[in-house]
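A.B. asks: Same order as they appear, the protein sequences are chains A and B. The numbers in the first sequence follow my numbering, run straight up by one, and end at 138. The numbers in the second sequence follow my numbering, run straight up by one, and end at 1138. Ideal Cβ placement from N, Cα and C applies to all residues, glycine included.
There are 2 protein chains.
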Amino acid sequence: MQPERLLKKHNLRKTSGRLSVLRCFLEYGKALSHGEVQDLVGKKVDRVTLYRILQSFEEKGLLHKVPDDQVSVKYALCDHLHNVDHAHSDNHAHFKCNSCGDTVCLEESAIPNIPTPKGFRVNESFLLLGGLCDQCVR
Amino acid sequence: MQPERLLKKHNLRKTSGRLSVLRCFLEYGKALSHGEVQDLVGKKVDRVTLYRILQSFEEKGLLHKVPDDQVSVKYALCDHLHNVDHAHSDNHAHFKCNSCGDTVCLEESAIPNIPTPKGFRVNESFLLLGGLCDQCVR
DNA sequence: TACTAAAATGCAACAATGTTACAAAAATGA
DNA sequence: TCATTTTTGTAACATTGTTGCATTTTAGTA
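In structure tokens:
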């Protein structure tokens, strides 16, 4: 789907900054950190604006947060860009390659249920696998 | 086990800073972030020194990192303070309460195997559950 | 097309977090 | 007690993320 339509569908005004950022994600296909997006879009988009763009994309269900080596955050396109309902879960695992640094969504892998102590209520779960991707494994 | 012995066992010199920090973890029993430890030990321990203490504890297998709401890191005592082998995994899930902010280790819950694409090698995994703990659930 | 209200942007300033270099101090073993 | 090695404190700096505010841009409407 074209970036313009995606923005509209998610109730986001069309701006050049947002289009640039969205194109990065559509083209790159992997999770990107704020810094990585910044490098891709260059100084066409202000640093603060970029934070706000990523934030708005997340609020509107266009991106979801991905834990990155337990220290920082990346963003990835949501699974269901086809439906506008953004009370979604994106409840899948992520894999980060420790060699090339790429982070990919393991869409097929729903995070399994984990038993918790009595009385605990689980609302969300984040699962990050680390290792080597097929490109870096040899 | 006494803090002094723990340090010795893990090849860490006994210093007042390290003892203070270690006592925090032994007494508190939950995962602590750098800032939380800093609050607990006060200005008896310098900020930079505290970073280094946490780092040395992790290197020597006394603490392990715990992902904290995908943005920052906490530290928790390792499962096996009894053996000195620190090529350990601490391969269990963690639970963070979104109300009180406490993070606990779910020692019993080994992280299940997640299928990955062909050619990927998984070396480590981090699983963080978010929700309400038994104290905050009502 | 021109106008208006609402939203988004850029900028400056700031806060929090984390790192490095280096000299001074403390801990260990002989 | 001494010598060596490790640890510490300090300062300086880099990175990351946030807030306030004036300006610009967008989208809808006349």
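In the DSSP assignment, the beta strand (DSSP E) including H92(A) goes from what residue to what residue?
C.D. replies: Mapped onto the first sequence, residue 92(A) falls at position 92. 92–97 is the extent of the beta strand (DSSP E) around H92(A).
A.B. asks: Does any CB atom of chain A fall closer than 7 Å to the CB of S1125(B)?
C.D. replies: Residue numbering aside, residue 1125(B) sits at position 125 when the second sequence is read from its first letter. Interface residue, yes.
A.B. asks: From the DSSP output, read off the bridge partner residues of S1020(B).
C.D. replies: Here residue 1020(B) refers to the residue found at position 20 of the second sequence. According to DSSP, S1020(B) bridges with nothing at all.
A.B. asks: List, in chain order, every chain B residue whose beta-carbon is nearer than 7 Å to that of G61(A).
C.D. replies: Here residue 61(A) is taken as the residue at index 61 of the first sequence, counted from 1. The premise fails here: G61(A) is roughly 17 Å from chain B at the closest Cβ pair, so nothing lies under 7 Å.
A.B. asks: Is the beta carbon of R23(A) less than 7 Å from the beta carbon of V1137(B)?
C.D. replies: Residue mapping note: residue 23(A) aligns to position 23 of the first sequence, counting from 1. Residue mapping note: residue 1137(B) aligns to position 137 of the second sequence, counting from 1. Not a contact, by the Cβ cut-off of 7 Å.
A.B. asks: Classify C1100(B): buried if its beta carbon has 16 or more other beta carbons within 10 angstroms, exposed otherwise.
C.D. replies: Along the second sequence, one-based indexing puts residue 1100(B) at 100. Its Cβ having fewer than 16 others within 10 Å, C1100(B) is exposed.
A.B. asks: Can you tell me which of G1029(B), C1097(B), F1057(B), G1061(B) puts its alpha carbon nearest to the alpha carbon of L1019(B)?
C.D. replies: Taking the second sequence and counting its residues from 1, the one referred to as residue 1019(B) is at position 19. When each option's Cα is compared against that of L1019(B), the closest is F1057(B).
A.B. asks: Would you say V1122(B) lies against chain A (beta-carbon separation less than 7 Å)?
C.D. replies: Residue 1122(B) sits at position 122 when you count from the first residue of the second sequence. Yes, its Cβ sits closer than 7 Å to a Cβ of chain A.
A.B. asks: Would V1137(B) count as contacting chain A if we go by Cβ distances under 7 Å?
C.D. replies: Walking along the second sequence from the start, residue 1137(B) turns up at place 137. Yes, contact with chain A.
A.B. asks: Residues in its own chain within less than 7 Å of A1087(B) by CB, not counting five upstream and five downstream?
C.D. replies: Position 87 of the second sequence holds residue 1087(B). Confidence at A1087(B) is low in this model, with a pLDDT of 38, below 50, so its placement is unreliable and the value that follows should be read with caution. Contacts found: none.
A.B. asks: Does chain B have any CB closer than 7 Å to the CB of R52(A)?
C.D. replies: Here residue 52(A) is taken as the residue at index 52 of the first sequence, counted from 1. Cβ-Cβ to chain B under 7 Å: no for R52(A).
A.B. asks: Rounding to the nearest angstrom, what Cα-Cα distance links K118(A) and H92(A) in this structure?
C.D. replies: Walking along the first sequence from the start, residue 118(A) turns up at place 118. Walking along the first sequence from the start, residue 92(A) turns up at place 92. Roughly 25 Å between the two C-alpha positions.
A.B. asks: Check the Cβ of C1100(B) against every Cβ in chain A and list those closer than 7 Å, keeping chain order.
C.D. replies: As a first step, residue 1100(B) must be located in the second sequence, where it is residue number 100. Within chain A, no residue comes near C1100(B); the closest Cβ sits about 12 Å away, beyond 7 Å.
A.B. asks: Based on the DSSP output, what are the partners of R1121(B) in its beta bridges?
C.D. replies: Along the second sequence, one-based indexing puts residue 1121(B) at 121. Per DSSP, L132(A).
A.B. asks: When DSSP labels each residue in this structure, what does V45(A) get in the three-state scheme?
C.D. replies: Position 45 of the first sequence, counted from the start, is the residue given in the question as residue 45(A). In the structure shown, V45(A) sits in coil (DSSP, three-state: anything other than H, G, I, E or B).
A.B. asks: Can you check whether the C-beta of D134(A) is within less than 7 Å of a C-beta belonging to chain B?
C.D. replies: Numbered from 1 along the first sequence, position 134 holds the residue referred to as residue 134(A). By this cut-off, D134(A) is an interface position.
A.B. asks: In whole angstroms, give me the CA-to-CA distance for E1124(B) and N98(A).
C.D. replies: In the second sequence, the residue the question calls residue 1124(B) occupies position 124. In the first sequence, the residue the question calls residue 98(A) occupies position 98. Distance between the alpha carbons of E1124(B) and N98(A) is about 10 Å.
A.B. asks: In whole angstroms, what separates the C-alpha of K1009(B) from that of M1001(B)?
C.D. replies: The residue labelled residue 1009(B) in the question sits at position 9 within the second sequence. The residue labelled residue 1001(B) in the question sits at position 1 within the second sequence. Per the coordinates, the alpha-carbon of K1009(B) lies some 11 Å from the alpha-carbon of M1001(B).
A.B. asks: Going by the CB atoms, is the gap between L129(A) and F95(A) shorter than 7 Å?
C.D. replies: Here residue 95(A) corresponds to residue number 95 of the first sequence, with the count starting at 1. Here residue 129(A) corresponds to residue number 129 of the first sequence, with the count starting at 1. It is a contact, given that the beta carbons lie within the stated cut-off.
A.B. asks: By the criterion of Cβ-Cβ separation under 7 Å, what are the contact partners of G119(A) in chain B?
C.D. replies: For the purposes of this step, residue 119(A) is taken as residue 119 along the first sequence, with counting starting at 1. Those are D1134, V1137, listed as they occur along chain B.
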